[in-house]
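**Q**
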Amino acid sequence: MRRRDFGRLVATAFATPAGGRPALWPAPRQASKAANARFSTIEALRRQMRESTARLKVPDDPTLLPEWRGRVAVRLRQVLGLGNCEAAPLAPAVTEVRRRRGYRVERIVYSSEPFADVPGLLLIPDGVTPEHPAPAVLCLHGNVPGAKEELAGEIQNPRAAEGLELYHDDYARELAQHGFVAFAIDLRDSGERMHAERYNGPPPMTRPDDLAGEEWRQIASLMAIPLGRTYLGMCVFDAIRALDYLETRPEARRAVTGCVGFSAGATLGAWLAVVDRRVKLLGISGTSASDRRSVASNAHLRRPAGLLPGFFVDLDADLCLAAIAPTPMVFARDGGRGSSGSADVAVIRRVYEGMRAEDDLKIDFGAKAGHVWHREVVLPWFEPRLRALGSRKT
């Protein structure tokens, strides 16, 4: 056969007919639904996530619980990437003082890392002085419009007023009105820390006009990965440095520091209490941490900033909450939803009981339906215990 004839034969064989597929191209096989599931990477990961269990299981022997708790703390620090966060000198500055009825508000800026400063609002009740200090509370916000101003009730900021209308989360102000030093900070890409640069990359994952901070959180989380860091870990590190700052304030009673948080702030507060035992009392409402089955079922709703590499290998949401023991904790679950973060409360209760701290744990549903700050559960339990703890430390 001549070369020209052979070429014509090949061209004819591989010509694309009207059906749109080369004549010798194999016809697609109609795989079964089960086969398709096994071909899918998403389905494989989803099944692995649902059917696997954390390796750091709660020991049956109560005497081993302190050691287990320490191992959970070490592993959580690792997956958060805290070892790759570098502390800078705090170099705090008071940039503004506002007088409010019954307390004053100081705007603070401190350095968390060499290239990262944190603005915060320190609320100091009237009568609290270096000679008469009060217990302090670190207040962590969720993904809410007004960030620290919202928690402090500084509603001259319209974003804070908007958030308060939705979430009723001015717990820093309420704590100050009740005699506690309250410190609310802006978490990364929230409040004053919102990134100002216009996004010029690929199509945005969210609507930048409405959720600019959310957009930049996802970008920051991806930039952090090559540095061995995580977005959530950086937020926890900023909270650790906030505890460092509170220790420099003579108005705050040393060794008597509580933490409260709502939504994402509740998750960060819980993790902070695991990795930093300076938190002596924890009050959280509507934690956003989810167990592996919840994440597997709603993977399309998860964004990079909310995920920790390797978290589900050794840990789970309920194990981290349990590892807070024996630190006193009140956990308000969102009313009307049946769960909050899908955490297994039985595991939490079991660890507190094993450490003989069952009286230092309260888990209850909020009276209001929906995802809001449940002050009616948290503060009546939290405040007298922190006040009593402060009295014992006198």
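Number 375 in this note's numbering belongs to position 330 of the sequence shown; there are no gaps in the numbering.
All C-beta atoms in this analysis are idealised placements derived from N, C-alpha and C, irrespective of residue type, glycine included.
(1) Counting C-beta neighbours from all protein chains within 10 Å, is the total for Gly386 16 or more, i.e. buried, or is it exposed?
(2) Is the stretch 314-324 touching the stretch 389-408 in the sense that three or more CB pairs, one from each, lie closer than 8 Å?
(3) Grab me the residues of Gly310's own chain with a C-beta within less than 6 Å of its C-beta, minus the 5 sequence neighbours each way, in chain order.
(4) Are three or more beta carbon pairs between the stretch 262-277 and the stretch 143-155 nearer than 8 Å?
(5) For Gly411, count the other beta carbons within 10 Å of its own beta carbon; 16 or more makes it buried, fewer makes it exposed. Which is it?
(6) By DSSP, does Ala181 sit in helix, in strand, or in coil?
(7) From Phe84 to Arg92, what does the alpha carbon distance come to, in whole angstroms?
(8) First and last residue of the alpha helix (DSSP H) that includes Phe357?
(9) Can you tell me which of Ala217, Arg323, Pro190 puts its alpha carbon nearest to the alpha carbon of Ala206?
(10) If distances are taken between C-alpha atoms only, which option among Met279, Gly273, His223, Ser235 comes closest to Glu259?
(11) Quick check on Gly303: buried or exposed, where buried means 16 or more other Cβ atoms within 10 Å of its Cβ?
(12) Please report the straight-line C-alpha distance between His416 and Val324, rounded to a whole angstrom.
(13) Phe228 and Leu291 look like a contact to me (Cβ under 8 Å); what is the Cβ gap, rounded to whole Å?
(14) Taking its Cβ as the centre, do 16 or more other Cβ atoms sit within 10 Å of Lys102, making it buried, or is it exposed?
(15) State the DSSP-derived secondary structure class of Glu398, mapped to helix, strand or coil.
(16) Using a Cβ-Cβ cutoff of less than 6 Å, which residues in the same chain neighbour Pro132 once the five nearest sequence positions on both sides are dropped?
(17) Just the Cα atoms here: how many angstroms apart are Gly331 and Ala377?
(18) Quick one: Cα of Pro425 to Cα of Arg432, how far?
(19) If you check the beta carbons only, do Leu434 and Leu326 fall under 9 Å apart?
(20) Whose CA, out of Val340, Arg322, Ser156, lies closest to the CA of Leu134?
(21) Taking 9 Å as the threshold (C-beta atoms), are Met94 and Arg348 in contact?
(22) Assign Pro247 to one of two classes, buried (16 or more other C-beta atoms within 10 Å of its C-beta) or exposed (fewer than that).
**A** With the given structure in hand:
(1) Position 341 of the sequence shown, counted from the first residue, corresponds to residue 386. Model confidence at Gly386 stands at a pLDDT of 44, short of 50, so the residue's coordinates are unreliable and nothing is read from them.
(2) no
(3) As a position in the sequence shown, residue 310 is number 265, starting the count at 1. Cβ neighbours of Gly310 beyond the five flanking positions: Leu185, His186, Gly187.
(4) no
(5) Translated into positions along the sequence shown, residue 411 becomes position 366. Result: buried.
(6) As a first step, residue 181 must be located in the sequence shown, where it is residue number 136. Reduced to three states, the DSSP call for Ala181 is strand.
(7) On the sequence shown, residue 84 is found 39 positions in, with the first residue counted as 1. On the sequence shown, residue 92 is found 47 positions in, with the first residue counted as 1. Roughly 12 Å between the two C-alpha positions.
(8) Sequence index remark: in the sequence shown, residue 357 carries index 312 (1-based). Its alpha helix (DSSP H) spans residues 356-359.
(9) Within the sequence shown, numbered from 1, the residue matching residue 206 stands at position 161. When only C-alpha atoms are compared, the closest one is Pro190.
(10) Stepping through the sequence shown from its first residue, residue 259 is reached at position 214. The shortest C-alpha separation from Glu259 is found at Ser235.
(11) As a working mapping, residue 303 is identified with position 258 in the sequence shown. With 16 or more other Cβ atoms within 10 Å, it is buried.
(12) Your numbering for residue 416 matches position 371 in the sequence shown. Your numbering for residue 324 matches position 279 in the sequence shown. Those two C-alpha atoms are separated by around 25 Å.
(13) Position 183 of the sequence shown, counting from 1, holds the residue named residue 228. Position 246 of the sequence shown, counting from 1, holds the residue named residue 291. The pair is a contact, with the Cβ atoms about 6 Å apart (cut-off 8 Å).
(14) Your numbering for residue 102 matches position 57 in the sequence shown. Answer is exposed; the Cβ neighbour count stays below 16.
(15) Position 353 of the sequence shown, counted from the start, is the residue given in the question as residue 398. Helix, per DSSP.
(16) Within the sequence shown, the letter at position 87 stands for residue 132. Here residue 132 is Ala; the residue named in the question, Pro, does not match the sequence. Cβ within range, chain order: n/a, list empty.
(17) Counted from its first residue, the sequence shown places residue 331 at position 286. Counted from its first residue, the sequence shown places residue 377 at position 332. Roughly 6 Å between the two C-alpha positions.
(18) If you number the sequence shown from 1, residue 425 lands on position 380. If you number the sequence shown from 1, residue 432 lands on position 387. Going by the C-alpha atoms only, they are around 12 Å apart.
(19) Position 389 of the sequence shown, counting from 1, holds the residue named residue 434. Position 281 of the sequence shown, counting from 1, holds the residue named residue 326. Yes, these two residues count as a Cβ contact at 9 Å.
(20) Along the sequence shown, read from residue 1 onward, the residue named residue 134 stands at position 89. The sequence shown places Pro at residue 134, not Leu. It is Ser156 whose Cα lies nearest to the Cα of Pro134.
(21) Reading the sequence shown from its first residue, position 303 is the one you call residue 348. Reading the sequence shown from its first residue, position 49 is the one you call residue 94. Against a cut-off of 9 Å, the Cβ pair of Met94 and Arg348 comes out as no contact.
(22) Counted from its first residue, the sequence shown places residue 247 at position 202. Residue placement at Pro247 is poorly supported in this model, since its pLDDT is 44, which falls under 50; the coordinates are not used for a value here.
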